[in-house]
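Asker: Residue numbers (the numbering used here): 1474 to 1732.
The beta-carbon is built from N, C-alpha and C at its ideal position, and this holds for glycine as well.
Input: one structure, supplied below.
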């Protein structure tokens, strides 16, 4: 493992914990409660503050700002946190805030690609292998499951959930939940069909794709109640893990589905 390198113009608080092999570039600012795992690379002008913990092998580009306090008007101080996993790419101008209430956490998983000028607000939970294209924004308390893809300039309303392997087209306004494995687009966003390309890229079987297509029709095209659609999915379609996850997601929705 290579030695830690900190540029002479960087301002790293002596109480910050910097892992072995980290590279901290010119004019970076690292606060006292920050923990950087091994082999993180910070390009120039990166700010990391607050009670923020990053895992290993993250790469953060200029003018990203991580761990500043929540922008929620309910913020009243106290220790709030940001936790980021391993192997993330965080590009220029990204902002990720800590949570709002004492001891709460904003979480970002591992192996995500968060492109330029994206925003992840307080109390969000972002999974693994997520791609956020430029200027996409998540309001507070949004949940993004694994392998989600957001197009550029997507805006997601607070408390919405984006299901596993869904894709949201660029410039969409998401006001309700996007089910797993689906493709959504529009202003406001509507669930249009299954995310066929995403499913194929992630190795979902043809059997599961066909079953998900039938589930989509039951949920969005048959004109039946949501309860009836879920009942038919469970009784008429094969008991595949993808369908079980879809049904569980839909049943637990608080904001309703984007139709």
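1. Pick out whichever of 1658, 1654 and 1478 has its Cα sitting closest to the Cα of residue 1669.
2. Please classify residue 1714 as buried or exposed, where buried requires at least 16 neighbouring CB atoms within 10 angstroms.
3. So the alpha helix (DSSP H) residue 1724 belongs to, where does it begin and stop?
4. Might you give, ordered along the chain, the residues of its own chain that have their beta carbon closer than 8 Å to the beta carbon of residue 1711, omitting 5 neighbours on each side?
5. I'd like to check one pair, residue 1611 with residue 1584: are the Cβ atoms closer than 8 Å?
6. Just the Cα atoms here: how many angstroms apart are residue 1560 and residue 1475?
7. Strictly under 8 Å for the Cβ-Cβ distance: is residue 1475 near chain B by that measure?
8. Under the rule that 16 or more other beta-carbon atoms within 10 Å means buried, what is residue 1481, buried or exposed?
9. If the criterion is Cβ atoms closer than 8 Å, does the pair residue 1553 and residue 1537 meet it?
10. Taking 8 Å as the cut-off, does the segment 1646-1666 touch the segment 1685-1701 (at least 3 CB pairs, one atom from each stretch)?
11. Look at residue 1539 and residue 1525 and say whether their C-beta atoms are less than 8 Å apart.
12. Does residue 1547 pass the burial test, meaning 16 or more other C-beta atoms within 10 Å, or should it be called exposed?
13. How many angstroms separate the CA atom of residue 1666 from the CA atom of residue 1702?
14. Count the other C-beta atoms from every protein chain shown that fall within 10 angstroms of the C-beta of residue 1697, then say buried if there are 16 or more, exposed otherwise.
15. With 16 as the cutoff for other CB atoms within 10 Å, does residue 1618 come out buried or exposed?
Answerer: For this structure:
1. 1654
2. exposed
3. 1714-1724
4. 1680 and 1684
5. no
6. 17 Å
7. In summary, chain B is missing from the structure at hand, where a single protein chain is found.
8. Residue 1481 is exposed by the Cβ-count criterion.
9. Annotated as distal: residue 1553 and residue 1537, with beta-carbon spacing of 8 Å or more.
10. Yes, since at least three Cβ pairs between the segment 1685-1701 and the segment 1646-1666 fall closer than 8 Å, the two stretches touch.
11. In this structure, residue 1539 places its C-beta atom within 8 Å of the C-beta atom of residue 1525.
12. exposed
13. 16 Å
14. exposed
15. Residue 1618 is buried by the Cβ-count criterion.
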